[in-house]
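>
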Amino acid sequence: NAGVTQTPKFRVLKTGQSMTLLCAQDMNHEYMYWYRQDPGMGLRLIHYSVGEGTTAKGEVPDGYNVSRLKKQNFLLGLESAAPSQTSVYFCASSSPRTSGNYEQYFGPGTRLTVT
Amino acid sequence: AQSVAQPEDQVNVAEGNPLTVKCTYSVSGNPYLFWYVQYPNRGLQFLLKYITGDNLVKGSYGFEAEFNKSQTSFHLKKPSALVSDSALYFCAVRDAGDKIIFGKGTRLHILP
């Protein structure tokens, strides 16, 4: 099993450009999450999904959109990138409904720089 | 709302000495607590969790954590530190809606 994978690993955008980050998991997990990690801030939840076709806002959703068209994929979109969105983005998944476990499994991260 | 606090930004420990990384929590109801580790340029890895039962929880890589309800703490411990334990450690708590709230992280440096 590959676990949780993220594409791309690195990206540099100019202000105003758009992009989509892809997260894929092969563990049949119901829940998926997008976080951003900034120095001294820990991990902050952007959006999450508790199942195919459903999404919800997290702590810092502004400037981002998400879609969960397939159970195994969770897309994070930036419509008009801003320098404040320079960060490392992590995707995670979990299966609390089927396994009763709430621990999350993380991808390797995407390092995004907006100039 | 649930929250966790990690009072130390950085902890330095000599190799072979015992280590402790501190975490305190604030929850309504019974806490569901986690520890994660992040090595450089990697995602977070689950170390251990506390749901109920024995206050001493054992996890991966020889780590353990002690749950203390009266002090609302969940400190991470290891009897003998290794240089390879150097990493960023996050305490976390399950929140409403099945989300997890992470602390800001503590950087652990093990000195050879």
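Protein sequences appear in the order of chains A and B. Following our numbering, the numbering of the first sequence begins with 166 at its first residue and continues without gaps. Following our numbering, the numbering of the second sequence begins with 55 at its first residue and continues without gaps. Every residue gets a Cβ at the ideal spot worked out from N, C-alpha and C, and that includes glycine. Here the structure is a predicted model, which means the values were calculated and not measured.
1) Any C-beta of chain A sitting closer than 7 Å to the C-beta of Leu98(B)?
2) Bridge partners for Gly242(A) per DSSP, in chain order?
3) Please report the straight-line C-alpha distance between Tyr79(B) and Gln60(B), rounded to a whole angstrom.
4) Name the two residues that bound the continuous alpha helix (DSSP H) containing Ser140(B).
5) In this structure, does DSSP put Gly116(B) in helix, strand or coil?
6) Could you check the C-alpha separation between Cys77(B) and Glu118(B) for me, to the nearest Å?
7) Are the Cβ atoms of Leu155(B) and Gln56(B) separated by less than 7 Å?
8) Between Leu136(B), Gly116(B), Gly159(B) and Ala146(B), which has its C-alpha nearest Pro166(B)'s C-alpha?
9) Provide the residue span of the alpha helix (DSSP H) that contains Ser264(A), from first to last.
10) In chain order, what residues of the same chain have a beta carbon less than 7 Å from the beta carbon of Ser224(A), not counting five sequence neighbours either side?
11) Can you tell me the Cβ-Cβ gap for Phe204(A) and Arg96(B), rounded? I've got them flagged as a contact below 8 Å.
12) Is it buried or exposed for Glu244(A), if we count other Cβ within 10 angstroms and need 16 for buried?
13) Show which residues of chain A have a CB atom less than 7 Å away from the CB atom of Tyr86(B).
14) Buried or exposed for Tyr200(A), going by 16 or more other Cβ atoms inside 10 Å?
15) 7 Å is my cut-off, CB to CB: does Phe156(B) come that close to chain A?
Let me spell this out:
1) yes
2) Thr185(A) and Asn230(A)
3) 9 Å
4) Unbroken run through Ser140(B): none, as it is neither H nor E.
5) helix
6) 13 Å
7) Note on residue identity: the sequence assigns Ile, not Leu, to residue 155(B). Against a cut-off of 7 Å, the Cβ pair of Gln56(B) and Ile155(B) comes out as a contact.
8) Leu136(B)
9) Pro261 to Ser264
10) A quick correction: the sequence has Glu, not Ser, at residue 224(A). The residues are Arg209 and Leu210.
11) As written in the sequence, residue 204(A) is Pro, which differs from the Phe given in the question. Actually they are not in contact, since the Cβ atoms of Pro204(A) and Arg96(B) sit about 16 Å apart, beyond 8 Å.
12) exposed
13) Tyr267
14) buried
15) yes
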